[in-house]
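Notes follow once the structure below has been shown.
In our numbering, the protein residues as written are 1229 to 1624.
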């Protein structure tokens, strides 16, 4: 009898349901301000070379670059181009620590003969050189700068279009610049490649009237991935939404071999950034709301995991682990439900599970950059109405 009762008790215990607690939500930690680096109209972004932060942009209509340390102390400062107008809009660092800065410069279209009726006041009888007629920003320009602030070379690729470079990628074989060019039909994307000696190849135009190229990745086999948006047919692939996010594979011989479109019904999509591991981040605008899309793609452009988060604008990715955007809503995995838009940095593991979250202060209207540096750590750039700031996560 006792054995029966003991057996009955054991079976009862085994059949009793075990309560499982809900997964613990991740606490969002505040990031710390590292330094402020300028105003939104002067700063295009930053890259890291060793323990130096390289700030680049355009000031007084001149492209510039300067280096600071983590405290904001300036290490060097230089004007990249002596043209009456130039812009520096993207940068990358190679394995030697040299900085490749992409921008645009004007074309000199010849000289203007002096006006016969004009008699300039010249009491010192100085020789007055003829003025130069400067065209629009129609030349893709790359400045290669050493980590100590010396310009190693400047090369340009003249074109027939006004253009705006958006991103650059470098490796041991050279550099690739992508961007947007204006033409009589609208705007198209472009890809310009330079070899390690600094020689440009012919510019490749992507699209005709409504395409942008916003990010670029160079692959070891010589092929290139270009990401951006398009509202026109590319390589036989028709637009599905108002405009679609696009992934364009370009062969080593600079031929478009495939196009993958990411679309939303009656809405707009754009890929703002792409990391070397093909972690892509961008915007989705549809049905009166804006979201950040973060998707990990395979090398064959197959999505392996993806997220959508309520946000206000551009979204940036880095490596295979992080995404950065201005968050406007709750996220199920986090103790997070902002009443006011705020910067949010998410960290993922290899399977796409969110493992950490860090936030910036309110008052930041847009994310500008996301850098992962072995020497310095993670740098997250934001811009407010007045300043561009660099934040970094607190140690865990």
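The beta-carbon is built from N, C-alpha and C at its ideal position, and this holds for glycine as well.
For residue 1479, the CB contacts under 6 Å within the same chain, skipping 5 residues up- and downstream, are 1451 and 1485 in chain order.
Taking 8 Å as the cut-off, the Cβ atoms of residue 1316 and residue 1295 do not count as close.
In the three-state DSSP reduction, residue 1519 falls in the strand class (E or B). Contact annotation: residue 1595 and residue 1544 have beta-carbon atoms nearer than 8 Å.
Burial of residue 1441 is indicated by the presence of at least 16 other C-beta atoms within 10 angstroms of its C-beta. For residue 1465, DSSP records a beta bridge to 1462. It is roughly 24 Å from the alpha-carbon of residue 1286 to the alpha-carbon of residue 1553. Fewer than three pairs of CB atoms, one per stretch, sit closer than 8 Å, so the region 1250 to 1258 makes no contact with the region 1268 to 1285. In chain order, 1414, 1459 and 1460 place their CB closer than 6 Å to the CB of residue 1438, counting only its own chain and leaving out the 5 sequence neighbours on each side. Here residue 1444 is near residue 1404, since their CB atoms are less than 8 Å apart.
In this structure, residue 1493 keeps its C-beta atom at 8 Å or more from the C-beta atom of residue 1500.
Under the three-state reduction of DSSP output, residue 1305 falls in the strand class. By the Cβ neighbour-count rule, residue 1279 is exposed, with fewer than 16 other Cβ atoms within 10 Å of its own. Per DSSP, the beta-bridge partners of residue 1433 are 1418. Looking at 1367, 1376, 1426 and 1380, the one whose alpha-carbon comes closest to that of residue 1409 is 1367. With respect to the 8 Å criterion, residue 1463 and residue 1427 are not classified as neighbours on the basis of their beta carbons. In this structure, 1306 is the residue among 1601, 1539, 1531 and 1306 with its C-alpha nearest to the C-alpha of residue 1377.
Here DSSP, grouped into helix, strand and coil, assigns residue 1396 to strand. With respect to residue 1298, residue 1601 sits apart: the two C-beta atoms are not nearer than 8 Å. For the set 1364, 1532, 1540 and 1506, the Cα lying nearest the Cα of residue 1520 is the one of 1540.
Taking residue 1446 as the centre and dropping the five residues before and after it, the same chain places the C-beta of 1397, 1399, 1404 and 1452 closer than 7 Å to its C-beta, in chain order.
In this chain, the beta strand (DSSP E) harbouring residue 1498 covers 1496 to 1502. In the same chain as residue 1467, and ignoring 5 residues on each side of it, the C-beta atoms closer than 8 Å to its own belong to 1458, 1459, 1460, 1461, 1489 and 1491, in chain order. With fewer than 16 other Cβ atoms from the protein chains shown falling within 10 Å of its own Cβ, residue 1424 counts as exposed. Between the alpha carbons of residue 1288 and residue 1308 lies a distance of about 12 Å. Judged by their CB atoms, residue 1293 and residue 1373 are nearer to each other than the 8 Å cut-off. Within the region 1570 to 1601, the beta strand (DSSP E) runs of at least 3 residues that lie entirely inside it are, in chain order, 1570 to 1576, 1582 to 1587 and 1594 to 1601. According to the DSSP assignment, residue 1531 belongs to the beta strand (DSSP E) that extends over 1531 to 1538. Looking at the backbone, the Cα of residue 1559 and that of residue 1584 are separated by about 12 Å.
One Cα belongs to residue 1473, the other to residue 1529, and the distance between them is close to 13 Å.
Under the three-state reduction of DSSP, residue 1388 is assigned to coil, being neither helix nor strand. Where residue 1611 is concerned, the enclosing beta strand (DSSP E) starts and stops at 1605 to 1611. In chain order, 1432 place their CB closer than 6 Å to the CB of residue 1482, counting only its own chain and leaving out the 5 sequence neighbours on each side.
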